[in-house]
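Going by my numbering, the sequence shown runs without a break in its numbering and finishes at 991.
Glycine is no exception: its CB is placed at the ideal position from the N, C-alpha and C atoms.
All values reported here derive from a predicted model rather than from experimental measurement.
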Amino acid sequence: MTAVETGASTEDTQGEDVLAVAREQVLERGEGLTQEQVLAVLSLPTERLGEALALAHEVRMRWCGPEVEVEGIVSLKTGGCPEDCHFCSQSGLFDSPVRAAWLDKDRLVEAAKQTAKTGATEFCIVAAVRGPDAKLMEQVRAGIAAIRAEVDINVACSLGMLTQEQVDELAAMGVHRYNHNLETARSHFPEVVTTHSWEERWETLQMVRAAGMEVCCGGIVGMGETLEQRAEFAVQLAELEPDEVPLNFLIPNPGTPFAHLEVPQGADALMTVAAFRLALPRTVLRFAGGRELTLGDLGAEQGMLGGVNAIIVGNYLTNLGRPAEQDLDMLEELKMPIKALNDTL
647 MTAVETGAST
657 EDTQGEDVLA
667 VAREQVLERG
677 EGLTQEQVLA
687 VLSLPTERLG
697 EALALAHEVR
707 MRWCGPEVEV
717 EGIVSLKTGG
727 CPEDCHFCSQ
737 SGLFDSPVRA
747 AWLDKDRLVE
757 AAKQTAKTGA
767 TEFCIVAAVR
777 GPDAKLMEQV
787 RAGIAAIRAE
797 VDINVACSLG
807 MLTQEQVDEL
817 AAMGVHRYNH
827 NLETARSHFP
837 EVVTTHSWEE
847 RWETLQMVRA
857 AGMEVCCGGI
867 VGMGETLEQR
877 AEFAVQLAEL
887 EPDEVPLNFL
897 IPNPGTPFAH
907 LEVPQGADAL
917 MTVAAFRLAL
927 PRTVLRFAGG
937 RELTLGDLGA
947 EQGMLGGVNA
957 IIVGNYLTNL
967 GRPAEQDLDM
977 LEELKMPIKA
987 LNDTL
């Protein structure tokens, strides 16, 4: 979607070029763009993409530094989820090929070991649930204890919506970071999920923050949202002040309500990367699912040189990623150092 299609201006309310404004506001002062300014960046013509990415990279280097945080993820409980997130093949409500399955503790530890070998500092345990029940909490507790006994890595979790008691339990287990994506702008969320609300997700994130765990919260680009809603989402994330924002690009999974949607175009995806970095100058911005399909190898490099400073290596939950070695080779070629574990503790 281009500026012509949306009718949006590429200038701010004072008539100044938005990238010139961003250079002084974001790069020099570290203040993220407003919703109107983010929309102006998203609406820039494609010929200005390189300029936007270059500025976003400067912002990343100024406020986050040159290091890249590497993470691996594994699904403890796959499929059979009672929620109707329209992008997700793990919903038990859709006729998708994914079936419910559990990962045992030994394989969980082995996955953590393999992740650590890549140089990753984060290992995230994910479960396809509305929220964890007592059985899942006990499996997470046992899994974390086993991982901590054998692997030197931070453990993160993504277990859906939480109660205050569950938040406190996870904090006591030593969970370093909790992921719970808002997925999209508040105004667009009812078009994406109907079985729970955006506000319920927000409440979980607030409890996680108050408990002292790091907050990981992002979403998916390309779920039928307008550019205005994409800008809205960026500033809503900025208001949350997450430690990390994973940026996914829609994979139209068969059997899901979004199977008919087109894969986001590379130029739009990269402009989104730049805009989110300019809205979130001090946040870990992580390449996540769908980047291989949307961007390919060259686009991934452009994104890493356009504001991204973290990456998930290996496979995702139900979709294949690139081999971890391919991403590590890319970081080496780009001369981007991998963040060491002891710097994250």
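Cα-Cα separation between residue i and residue j, rounded to whole angstroms
i	j	result
Leu916	Gln810	37 Å
Asn961	Glu662	Because the pLDDT of Asn961 is 47, which lies under 50, any placement of that residue in the model is unreliable, and the number read from its coordinates should be weighed accordingly. Straight-line Cα distance between these residues: approximately 43 Å.
Ser721	Asn955	24 Å
Arg787	Gly696	46 Å
Arg745	Thr724	With a pLDDT of only 47 at Arg745, under 50, the local geometry of the prediction cannot be trusted, and the value read off the model is given with reservation. Roughly 7 Å between the two C-alpha positions.
Glu674	Ala668	9 Å
Asp658	Leu688	Residue confidence is low: Asp658 scores 44 on pLDDT, short of 50, so the model does not pin down where it sits. Its coordinate-derived value is still stated next. Computed Cα separation, rounded: 12 Å.
Gly945	Gln911	11 Å
Glu784	Ala666	52 Å
Thr692	Gln683	17 Å
Glu846	Cys731	14 Å
Lys985	Lys781	34 Å
Gly777	Gly806	5 Å
Gly949	Trp848	28 Å
The beta strand (DSSP E) enclosing residue i, as first and last residue numbers
i	result
Lys723	715-724
Ala970	Here Ala970 belongs to no beta strand (DSSP E); instead the alpha helix (DSSP H) covers 970-979.
Ala802	800-804
One or two residues paired with residue i in a DSSP bridge
i	result
Ser737	Cys727
Leu893	Gly865, Phe933
Ile958	Glu717
Ile984	Val714
Boundaries (first-last residue) of the alpha helix (DSSP H) holding residue i
i	result
Leu816	810-819
Val667	664-668
Val919	912-925
Ala884	873-886
Val705	695-709
Val995	An answer regarding residue 995 cannot be provided, because it is not within the stretch 647 to 991 covered by the chain.
Residues near residue i in its chain [Cβ-Cβ closer than 7 Å; skip 5 each side]
i	result
Glu871	Thr830, Ala831, His834
His703	Leu951, Gly952, Gly953
Ala817	Ala857, Gly858, Met859
Ala649	With a pLDDT of 42 at Ala649, under the threshold of 50, the predicted position of this residue should be treated as unreliable, though the coordinate-derived value follows. Once the five neighbours on either side are set aside, the close Cβ partners of Ala649 are Thr656, Ser689, Leu690, Pro691.
Residues of its chain near residue i, where Cβ-Cβ distance is below 6 Å and the 5 sequence neighbours each way are ignored
i	result
Ala762	Val797, Ile799
Asp975	none
Cβ shell of residue i (< 8 Å), same chain only, five flanking positions each side left out
i	result
Thr680	Val881
Glu756	none
Leu939	Phe895, Ile897, Val909
Legend entry - Contained alpha helix (DSSP H) runs [length at least 4] in the region 743-781, N- to C-terminal order: 751-763
Inset, instruction - Starting from the N-terminal side, write out each stretch of the beta strand (DSSP E) that is 3 residues or longer and does not extend beyond the region 820-866. - result: 823-825, 860-862
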